[in-house]
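Chemist: Chains as they are written, first to last, in this note's numbering: chain Y, 38 to 516; chain C, 38 to 516. Glycine included, every Cβ here is placed at the ideal spot set by N, Cα and C.
Number of protein chains: 2
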Amino acid sequence: MANTGKNNRSNFQAALFGLGLDRDSAVPLHLQLAGALRGLLIGGGFAGERLPPSRAMAGELGVSRMTVTTAYDQLAAEGYLSARQGSGTFVAAHLPHLAPPAAPRAALPAPPQMPHPFHPGMPDQALFPHRLWARHLERAWRSPEPALLAARPDPFGWAPLRAAIAEHLAAWRGLGCSPEQVVVTAGAWDAIDILRGAALPPGARLAVEDPGWPVLQRLLERAGLVPEPVRIDGDGLDPAHLPAGLAAAMVTPSRHYPTGAALPLARRLALLAWAERRDALVIEDDYDSEFRYQGQPLPSLAGLDGLRRTIYMGSFSKLLSPGLRIGYLVLPRPLLDPVRAHLEVTGTRVSLLPQPALAAFMSSGEFATHLRRMRRIYARRQAFLLQALEPAAGLLELRPDPSGMHLVLRLGPALAGRATDREIAAMAEAEGLLVRALSAHARLPDPPQGLILGYAGFGEDRLGRAAERLVAVLRRAAG
Amino acid sequence: MANTGKNNRSNFQAALFGLGLDRDSAVPLHLQLAGALRGLLIGGGFAGERLPPSRAMAGELGVSRMTVTTAYDQLAAEGYLSARQGSGTFVAAHLPHLAPPAAPRAALPAPPQMPHPFHPGMPDQALFPHRLWARHLERAWRSPEPALLAARPDPFGWAPLRAAIAEHLAAWRGLGCSPEQVVVTAGAWDAIDILRGAALPPGARLAVEDPGWPVLQRLLERAGLVPEPVRIDGDGLDPAHLPAGLAAAMVTPSRHYPTGAALPLARRLALLAWAERRDALVIEDDYDSEFRYQGQPLPSLAGLDGLRRTIYMGSFSKLLSPGLRIGYLVLPRPLLDPVRAHLEVTGTRVSLLPQPALAAFMSSGEFATHLRRMRRIYARRQAFLLQALEPAAGLLELRPDPSGMHLVLRLGPALAGRATDREIAAMAEAEGLLVRALSAHARLPDPPQGLILGYAGFGEDRLGRAAERLVAVLRRAAG
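Okay, here's the thing in structure tokens:
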């Protein structure tokens, strides 16, 4: 439509000499040149044109003559060019129908490693019912129901999944909500971005717990929000210490991350009263509360609030797999319209593909069965780890936690003044152990010292061997 | 861990009277109350406490007494409360193990409609090989390879998919790139957001084509960027008309959206020279160039540039399904590190779930086979639509387009001064037709007038009937 008749020799020359080659690329220069030339010729309009001699072309492009002749030969073999003895190389009168050239293959970075003990927050994916899950995927898509093929899928997510999430929250988290309040997200970053676009102005200040989830502060900053770290104590965040001028407070009331502290009822009520008084929002990040081993699960803050000012944020990463990248928000009703207006512009970032399978997995009860099974297994693993660490009793304060997927163990008296948690984490890393330092999760000065030890993702064999190595590290650290 | 011994009667009273109920909710008040109460009791520490009489509770919460008694009865039936004849209602000494209450089900909004003719940009999903696709999904996940379960998946995407995309681009778009330059995204919004975070400062100004994709301008604004509309002519964007001070130009060189114009080589070279001179980026949005019916596919601008200053943006929405939400960026090498640093913080927003299936679908050649088949079918549909519109020859300028999934037909002389494209689109909508007005895709004054008619997603039966209705509308509009 565009090139015919407009291109001419000088255009061709300019295009040739303007071909871009990337000397830092892993793709050999002759392949780059052949690819760029092929692209140019496919554009059409150059049939019969003469190519510059290889020496001239090499000079213009600053490459070796061999690079040029190799590229010319390749394209001649593919039928794009024809070499006429003694008179040079020409663009073929009839180009071959676009043949797939072999793609230049460069080595990709090595795939990320399997998690090392004690990587926190990792579900044990070896125990996941993969075959069942794969069957749900296959069933949902082999002959998809028409709504799955809609021109513009509902940006709040697949309706049956939203209903299944609402049922799950009622059963497991004491949170009564309507499916229409549920927004399926692509995880925490997506959720924060949606809230920034629909509920929080740019530059809004949010209280975050300190210590806390270090990624959170960076995510908030990337989204154009301002995190305000607030020191937590043994009971989590104290609403009396919230600074003025906040648009929201982001909390982990059921299980403070990483310490595991549960926010007492009096503080929960005070936090909700604060939000009411200041016209602020509370964002409840409920990341692994399904795994509670003793007593009843703590109800969600959003349930206590009746979802008036509290936004509930959940995830399937800890329950199924980090790669799934599906989470959800449960919104107070006044936020439904602004969030919908925002998502109608941006569209959702969540693929529909996993959603019907996840809905079926949940509504069939298989998800709850899986969670209960993992809860039993994780409880045993925590007990096993604590026992395996018994030899380090003076070095670490060995305290069980009634819930979660990791332990936070404070440094014991035998280590006082001898090593910091960061030093121990570095020594452990040299032994192939991923031990996180509690103090590395804080921004405020004089953070508490402790080790974060994820146990959920590792069988007793690995946990036992890893505990032995950790005990040795601790003994070395204590001198 | 937290509540024991701290809660007392006054706490309980305060918590009860502070329970949040949402009068605008579709969830009945008694269900809300039961849910909130259940949540509170599950928290523990209130065993044996006496509840306020239903009348007092109703007065405090401002609900009817019936609402309170119904909620009390429900929780008594579940075992959370016990009613003692004559002395009131008490919290049970031993709470039932968290029983799943029936989730409150509210009607969700009706699922989005199937596309109406002439919805543009819709692939015909009825012709998609769903069974094959579902089998790939099942195979990838029934016994997933370890890298799919990695603790932290590569935020650039699944390596075999990135390799398959690089091969596809070499074969179909004349673009030679290394798989490591490919970033899998959750579509255009995600791609823009990534570029904003890693390559463009907040408030950066970007040239966009006018007319153009209207959503694009809003996406850029949402991302904190400033779109600068530049009037296009019959050959697309003229680089000579780019204003000063731009950080980038975002273009659709292979097929201008929506008019279908292809950017001539001279303008391509001028655009790349502009970018070099101004130290600016070019973002090439290549949204449906695989569907070219005559001549050779135009090579990508990024290929001509050798990916020096051009970022290539592709999508699978037009090729497979809008709900899939997978697209990709191909980056110049200098951007690889900044984008990786950005994504290491935010994580990817793309689920791994579809990626191995898509990689297998591509590398097996089934994807290319599907594209070739759809190309033949879409070409026939375009010809069929033009023929079916023959009776409107004086009302519309019936010009075939060598590529794409929609036609842009300018208004003919018989309509001049009688109806605008927007008026015709409104009349067509009343007839159940989705006809987009070309002028609605422009922000600058005096936009061109025409009708955008998507044909790819509709069989000949539907196209024929829709064309008849459109001809009738046009005749009415011409008076």
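Which whole-angstrom value describes the C-beta separation of C:I363 and C:V387, a residue pair presumed to lie in contact below a C-beta threshold of 8 Å?
Modeler: So it is a contact: roughly 7 Å between Cβ atoms.
Chemist: Just curious, the beta strand (DSSP E) that C:T347 is in, first and last residue?
Modeler: Looking at the DSSP string, the run of the beta strand (DSSP E) that includes C:T347 is 347 to 352.
Chemist: Please confirm if Y:G431 has its CB atom under 7 Å from at least one CB of chain C.
Modeler: Chain C contact via Cβ: absent.
Chemist: Give a yes or no on whether 7 Å exceeds the smallest Cβ distance from Y:A143 to chain C.
Modeler: Annotation note: pLDDT 46 at Y:A143 (below 50); position unreliable, coordinate value reported separately. Chain C contact via Cβ: present.
Chemist: Pull up the DSSP beta-bridge partners for C:E321, would you.
Modeler: Answer is C:V288, C:Y349.
Chemist: On the CB-based measure, 16 or more other CB atoms within 10 Å of its CB, does Y:G123 come out buried or exposed?
Modeler: Burial call: exposed.
Chemist: Please report the residue range of the beta strand (DSSP E) in which C:G343 lies.
Modeler: That residue, C:G343, is in no beta strand (DSSP E); it is neither H nor E in DSSP.
Chemist: Mind checking if C:A236 is an interface residue toward chain Y, Cβ cutoff 7 Å exclusive?
Modeler: It does not; no Cβ of chain Y falls within 7 Å.
Chemist: Let me know if Y:T296 comes out buried or exposed under the rule of 16 or more other beta-carbons within 10 Å of its beta-carbon.
Modeler: Answer is buried; the Cβ neighbour count reaches 16.
Chemist: Can you find the residues in the same chain that come closer than 8 Å, C-beta to C-beta, to C:G125, ignoring five residues on each side of it along the sequence?
Modeler: Taken in chain order, the residues that qualify are R87, L88, P90.
Chemist: Would C:M94 be called buried (16 or more neighbouring beta carbons within 10 Å of its own) or exposed?
Modeler: Counting Cβ neighbours within 10 Å, C:M94 comes out buried, since at least 16 surround it.
Chemist: Is it true that the region 331 to 345 of chain Y meets the region 359 to 377 of chain Y, where meeting means three or more beta-carbon pairs spaced less than 8 Å apart?
Modeler: Taking 8 Å as the limit for Cβ pairs, the verdict is that the region 359 to 377 of chain Y does touch the region 331 to 345 of chain Y.
Chemist: Closest Cβ-Cβ distance between C:S101 and chain Y: below 7 Å?
Modeler: Taking Cβ atoms only, chain Y never reaches closer than 7 Å to C:S101, which makes this a no.
Chemist: Could you say which of C:R304, C:Q331, C:L338, C:L283 lies nearest to C:A317 if we only look at CA atoms?
Modeler: Closest option to C:A317, Cα to Cα, is C:L283.
Chemist: If I measure Cβ to Cβ from Y:D230 and keep anything under 6 Å in the same chain, skipping five residues before and after, which residues do I get?
Modeler: The answer, listed in chain order, is A260.
Chemist: Is the shortest distance between the beta-carbon of Y:P138 and the beta-carbons of chain C less than 7 Å?
Modeler: A caution first: Y:P138 carries a pLDDT of 40, below 50, which makes its placement in the model unreliable, though a value can still be read off. Cβ-Cβ to chain C under 7 Å: yes for Y:P138.
Chemist: Closest to Y:W311 by CA distance: which of Y:G340, Y:A244, Y:Q331, Y:R377 is it?
Modeler: Comparing Cα-Cα distances from Y:W311 to each of Y:G340, Y:A244, Y:Q331, Y:R377, the minimum goes to Y:A244.
Chemist: Closest to C:L515 by C-alpha separation, out of C:R413, C:R455, C:I489, would be which residue?
Modeler: Residue 515 of chain C is actually Ala in this sequence, not Leu. Checking every option, the nearest Cα to that of C:A515 belongs to C:R455.
Chemist: Using a Cβ-Cβ cut-off of less than 8 Å, list which residues of the region 337 to 365 of chain C approach chain Y; keep chain order.
Modeler: Flagged, chain order: S337, G340, L341, D342, G343, L344, R345, S358, P359, G360, L361, R362, I363.
Chemist: Tell me where the beta strand (DSSP E) around C:H205 begins and ends.
Modeler: Where C:H205 is concerned, there is no enclosing beta strand (DSSP E), although the alpha helix (DSSP H) it sits in stretches over 196 to 210.
Chemist: To the nearest angstrom, how far is the alpha carbon of Y:G116 from that of Y:D110?
Modeler: Distance between the alpha carbons of Y:G116 and Y:D110: 10 Å.
Chemist: Taking only three categories from DSSP, how would you classify C:F54?
Modeler: Three-state DSSP puts C:F54 in a helix.
Chemist: Could you check the C-alpha separation between C:L98 and Y:A420 for me, to the nearest Å?
Modeler: Spanning the two alpha carbons is a distance of roughly 44 Å.
Chemist: Please report the distance separating the alpha-carbon of C:P138 from that of Y:A207.
Modeler: Only weak support is given to the placement of C:P138: the predicted model assigns it a pLDDT of 40, under 50, and the value that follows is read from those uncertain coordinates. For C:P138 and Y:A207, the distance between alpha carbons rounds to 6 Å.
Chemist: Using the beta-carbon of each residue, which ones in chain Y are nearer than 7 Å to C:V245?
Modeler: Chain Y residues near C:V245: none, gap ~15 Å exceeds 7 Å.
Chemist: Which residues of the region 368 to 389 of chain C have a Cβ closer than 9 Å to any Cβ of chain Y? Give them in chain order.
Modeler: Going along the region 368 to 389 of chain C in chain order, one finds P369, R370, P371, H379, V382, T383, G384, T385, R386, V387, S388, L389 with a Cβ nearer than 9 Å to chain Y.
Chemist: Express the C-alpha separation of Y:P248 and Y:G501 in angstroms, rounding to a whole number.
Modeler: Straight-line Cα distance between these residues: approximately 28 Å.
Chemist: In or out: Y:P301 buried (at least 16 other Cβ within 10 Å) or exposed?
Modeler: Counting Cβ neighbours within 10 Å, Y:P301 comes out buried, since at least 16 surround it.
Chemist: If I measure Cβ to Cβ from Y:P485 and keep anything under 6 Å in the same chain, skipping five residues before and after, which residues do I get?
Modeler: Here the set comprises L475.
Chemist: Excluding the 5 residues flanking Y:P251 on each side, which residues of the same chain have their C-beta closer than 6 Å to its C-beta?
Modeler: Excluding residues within five positions, the ones whose Cβ falls inside 6 Å are H478.
Chemist: Anything in the region 152 to 169 of chain Y with a Cβ closer than 7 Å to a Cβ of chain C? List those residues in chain order, please.
Modeler: So the close ones are P152, H156, M159, Q162, H167, R168.
Chemist: Enumerate in chain order the residues of its own chain whose CB-to-CB distance from Y:E246 is below 8 Å, with the five nearest sequence positions on each side excluded.
Modeler: P266, V267, I269, G273, L274, M287, V288, T289, H293, Y294.
Chemist: Closest to C:Q331 by CA distance: which of C:L212, C:V367, C:A416 is it?
Modeler: Nearest C-alpha to C:Q331: C:A416.
Chemist: Name the chain C residues whose beta carbon is nearer than 8 Å to that of Y:E175?
Modeler: Within chain C, the residues near Y:E175 are A171, R172, L174, E175.
Chemist: Could you check the C-alpha separation between Y:D191 and Y:G384 for me, to the nearest Å?
Modeler: Distance between the alpha carbons of Y:D191 and Y:G384: 9 Å.
Chemist: Please list, in chain order, all residues of the same chain as C:H205 whose beta carbon is under 8 Å from its beta carbon, the five residues on each side excluded.
Modeler: Closer than 8 Å at Cβ, skipping near neighbours: M399, F404, A405.
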